[in-house]
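Visitor: Please find one structure pasted underneath; my questions will follow.
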DNA sequence: TATGAATGAGTCTTCATTCAT
DNA sequence: CATGAATGAAGACTCATTCAT
């Protein structure tokens, strides 16, 4: 197994995942056949099956890719010292992403939520991402409360869940409406966040 | 078709939809076969097909039923005069429902979001429900702004979308986590709403 | 489920098994496709699958049918009192059957031996038939020994196994050669049996 | 192709056949894939296909190897002068082999019988071996009859077939039962052979 | 109208075989 | 000669839908 093969192998896998990604978000996971993926990837069925054991495995892999992409968004927020800044920064990062990204990942995400209710691997991946995001938000809120910046009467975990909801909910609405006013949405959320902050409101 | 048959006809339809509802939320829409529905409804395949032309149509019908159920929740909120009360009342109604309801409708909802991306009928139904909810919230917020109770710098539509997100997002998280702390969640949202209210905070 | 359905159901099952029987002995079990069986049975694939869950199950059923046919051959031998007569009678019955039967059941049998090495259900059926036959022969030999008609120095079970071998071996040779001299074969076996009998040989 | 390559060529072929042999008797002929054979032989698919044109050809070759092994067993029996001794010697050789050999060749043999019904090459090989064995036995019996040692009323060919049946039948029973009492079996056969011998029985 | 047996297009998956490197 | 990635025909099986009774 020379190193060329390893690179080649990875490239092919990526090629297949990418094709599957396209198909899944276009037609939905269930409506996508293995032939669809092959056609999209310009590969034969046999080739695809030599990289993945089953359609299920491809779906699981896709879920994990989405997970990875989502987690990368959060990195780098921790270095900020002020709670308000951190929360606002996170809002900008999360929602900003939604404007750049096409319908593609929005449809993919919604499809995965549904798939998670059926497929264990997918559920694991989706659960993982939610937990991680929850942890990050929870930590920020807790720190803010310790420093007296954030209202101590709210549960940090609950705040985290609401934050996540505002993001996932916007994803859903973008999926259904096709187009959404992200800027207005973010402005509103920032205003609402002030309800949690102890700082003097100018 | 005499009226007696009409009653019978409606009863049968309800019976089928109810069976489909159960199956869909248990196994997912795609994993449910027409035979599953027949078994659950204690009817023959032929019978089911004399009430619905296709599985698609049953799915669409289910989406509309869910729509109806959701819309009923809102009625009666308009009679309240105070914006804060209205919003808080809505929060209680919406989220309170989530505690009573089992996983059932949660799974159904998530499944429908995904189905809406594929199936036009379902999309129409889901879109309709979102629009209606948005309208109600928008109206309340706009009224509040007119009366000076709510911060005029936010877009009423955006506030509505955030409200909807907090609900849909919780549905999603309940679907994924299995169990969620609804009370803490509602408390947090109420606190955040204050960020939008101009009233003196006691 | 009216009784007509039960009769219809059984008839269809028999129809399918019969078709499978034909195909299996013509082309071999592995070379026979479900489509072959359907074509032979003049039924659609869906129809066949509503009577049998899988190809494996059809194979197992075939094995059991063969088992039943084989067991019926033995019934009625026990009423004879003399050991020599019993053994000779059994030889006539067993081998006589081979002349009547076409290549069909011979090929089927050989195929099942091989299938038994792979498929558990088939193995169970083939094992069962062998055990039953062994028991019958063993009982006869043991009774003969008790009455002093048969040489006591041989193990009854071993005699039974040899008997069975002479039958299965002839099945095999008929399968391979196509045609065999059954009469000469039976004569030889009868002569050899005398080697086990204590009676005075005229 | 220089001779060194010839040696190399033969070694590779043997290596492949040996691997196939192992696989076939472990999983059955049909359940064995070309990849299984390659893995077992530690060779690439391409390599295997440069020595054999197809899987069929490997199967045929295996059948011929089995043939060769079986024929070697008989050589050397002819030098004995007494018919009884010859037959007894053959019995010892044939059945003794069964005790040494593992399930391996037993499963292989049974598989080949079944394959012979389908595959012409295999059929030719199996037929050939049976004919040769029959010839040897027939010759011995005929010689015995000429010398007055064996009952002249039996057909030599039929005796030969019975002999072969006792061996093949035991192979089958070992395959199905897993374990058999070879010694008791051989004892019984020797006793039965006396039914064919004219010699005074001590 | 009700039934459920029958249909068959469509799905996932396997595996013998080829061929560019 | 060797390699093993790629091919794609073929197989088992599912399930929405039809239709004779």
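Chains as they are written, first to last, in my numbering: chain A, 44 to 245; chain B, 44 to 245; chain C, 44 to 245; chain D, 44 to 245.
Beta carbons: idealized from backbone N, C-alpha and C, even for Gly.
#1: By DSSP, does residue 72 of chain A sit in helix, in strand, or in coil?
#2: Give me the Cα-Cα distance between residue 69 of chain B and residue 147 of chain B, rounded to the nearest whole angstrom.
#3: Flag residue 136 of chain D as yes if its beta-carbon sits less than 8 Å from any beta-carbon of chain C, otherwise no.
#4: Note down the Cα distance separating residue 231 of chain D from residue 49 of chain D, rounded to an integer number of angstroms.
#5: Leaving out five residues on either side along the sequence, give the residues of the same chain with a beta carbon under 6 Å from the beta carbon of residue 75 of chain D.
#6: Taking 8 Å as the threshold (C-beta atoms), are residue 108 of chain B and residue 164 of chain B in contact?
#7: Where residue 168 of chain A and residue 112 of chain A are concerned, what is the direct C-alpha to C-alpha distance, given to the nearest angstrom?
#8: Measuring straight from C-alpha to C-alpha, what distance separates residue 45 of chain D and residue 51 of chain D?
#9: To the nearest angstrom, how far is the alpha carbon of residue 210 of chain A from that of residue 89 of chain D?
#10: Assign residue 92 of chain C to one of three DSSP states: helix, strand, or coil.
#11: Just to make sure I have the definition right: I need the residues of chain C whose C-beta is within less than 7 Å of the C-beta of residue 78 of chain D. Which are they?
#12: Residue 59 of chain D and residue 101 of chain D look like a contact to me (Cβ under 8 Å); what is the Cβ gap, rounded to whole Å?
#13: With a threshold of 8 Å between beta carbons, is residue 232 of chain B in contact with chain A?
#14: Less than 8 Å between CB atoms is the rule here; does residue 128 of chain D satisfy it with respect to chain C?
#15: Run through DSSP, which three-state label would residue 160 of chain B get?
#16: Chain A partners of residue 235 of chain B, CB-CB under 8 Å?
#17: Would you identify the three-state DSSP class for residue 240 of chain D, choosing helix, strand or coil?
#18: Considering just the uninterrupted stretch of the alpha helix (DSSP H) at residue 216 of chain C, what are its terminal residues?
#19: Please name the residue or residues paired with residue 193 of chain B in a DSSP beta bridge.
#20: Do residue 141 of chain B and residue 225 of chain B have their CB atoms nearer than 8 Å?
#21: Apply the 10 Å Cβ neighbour rule to residue 125 of chain D and answer buried if 16 or more other Cβ atoms are within range, or exposed otherwise.
#22: Is any beta-carbon of chain C found at less than 8 Å from that of residue 148 of chain D?
#23: Excluding sequence positions up to five away, which residues of its chain have a Cβ less than 7 Å from the Cβ of residue 218 of chain B?
#24: So, with DSSP's three-state summary, where would you put residue 139 of chain D?
#25: With a threshold of 8 Å between beta carbons, is residue 91 of chain C in contact with chain D?
#26: Where does residue 145 of chain A sit, in a helix, a strand or coil, going by DSSP?
#27: Does any C-beta atom of chain A lie closer than 8 Å to the C-beta of residue 45 of chain B?
#28: Count the CB pairs spanning the region 175-182 of chain B and the region 201-216 of chain B that are closer than 8 Å, and state whether there are at least three.
#29: Under a three-way DSSP split, which group does residue 104 of chain B fall into?
#30: Measure from the alpha carbon of residue 103 of chain C to the alpha carbon of each residue in C:162, C:214 and C:238, then state which is nearest.
#31: For residue 165 of chain C, which three-state DSSP category applies?
#32: Roughly how many whole angstroms lie between the Cα atoms of residue 85 of chain A and residue 240 of chain B?
#33: Would you identify the three-state DSSP class for residue 289 of chain B, choosing helix, strand or coil?
#34: Would you call the CB atoms of residue 212 of chain C and residue 212 of chain D closer than 8 Å?
#35: With a threshold of 8 Å on Cβ separation, who are the neighbours of residue 235 of chain D within its own chain once the five nearest residues in sequence on each side are excluded?
#36: Residues of chain A with a CB under 8 Å from the CB of residue 209 of chain B: which are they?
Guide: From the atom records:
#1: In this structure, residue 72 of chain A counts as coil in the three-state DSSP scheme.
#2: In a straight line, the C-alpha of residue 69 of chain B is about 7 Å away from that of residue 147 of chain B.
#3: False, the Cβ-Cβ gap to chain C never drops below 8 Å.
#4: Using only the alpha carbons, I get a separation of about 49 Å.
#5: The beta carbon of residue 75 of chain D is closer than 6 Å to those of 66 and 67 in its chain, skipping five residues each way along the sequence.
#6: No, the Cβ-Cβ distance between residue 164 of chain B and residue 108 of chain B is not below 8 Å.
#7: The alpha-carbon separation between residue 168 of chain A and residue 112 of chain A amounts to approximately 12 Å.
#8: Residue confidence is low: residue 45 of chain D scores 48 on pLDDT, short of 50, so the model does not pin down where it sits. No coordinate-derived value is stated.
#9: One C-alpha to the other measures close to 53 Å.
#10: Three-state DSSP puts residue 92 of chain C in a helix.
#11: In chain order: nothing, as chain C lies at least about 18 Å away.
#12: 7 Å between Cβ atoms; contact.
#13: Yes, residue 232 of chain B lies at the interface with chain A (some Cβ there is under 8 Å from its Cβ).
#14: No Cβ of chain C is located within less than 8 Å of the beta carbon of residue 128 of chain D.
#15: Coil, per DSSP.
#16: For residue 235 of chain B, the chain A residues whose Cβ falls inside 8 Å of its Cβ are 205, 235, 236, 238 and 239, in order along the chain.
#17: Looking at residue 240 of chain D - three-state DSSP - the assignment turns out to be strand.
#18: Boundaries of the alpha helix (DSSP H) harbouring residue 216 of chain C: 199-220, taken from the DSSP string.
#19: BP columns for residue 193 of chain B point to B:240.
#20: Cβ atoms of residue 141 of chain B and residue 225 of chain B: closer than 8 Å.
#21: That one is exposed.
#22: By the rule that beta-carbons nearer than 8 Å mark a contact, residue 148 of chain D does not touch chain C.
#23: Only 149, 150 and 153 meet the Cβ criterion.
#24: Assigned with DSSP and collapsed to three states, residue 139 of chain D falls in helix.
#25: For residue 91 of chain C, the answer is no, since every Cβ of chain D falls outside 8 Å of its Cβ.
#26: For residue 145 of chain A, the three-state secondary structure derived from DSSP is coil.
#27: With a pLDDT of 48 at residue 45 of chain B, under the threshold of 50, the predicted position of this residue should be treated as unreliable, and no value is reported.
#28: Cβ pair count under 8 Å is three or more, so yes.
#29: The answer is helix: DSSP assigns residue 104 of chain B an H, G or I state.
#30: The residue among C:162, C:214 and C:238 with its C-alpha nearest the C-alpha of residue 103 of chain C is C:162.
#31: Correct three-state label for residue 165 of chain C: helix.
#32: When only Cα atoms are considered, residue 85 of chain A and residue 240 of chain B end up about 57 Å apart.
#33: The requested residue 289 of chain B does not occur in the structure, where chain B is confined to residues 44 to 245.
#34: Cβ atoms of residue 212 of chain C and residue 212 of chain D: closer than 8 Å.
#35: Excluding positions up to five away in sequence, the list is empty.
#36: Per Cβ cutoff of 8 Å: 205, 208, 209 and 212.
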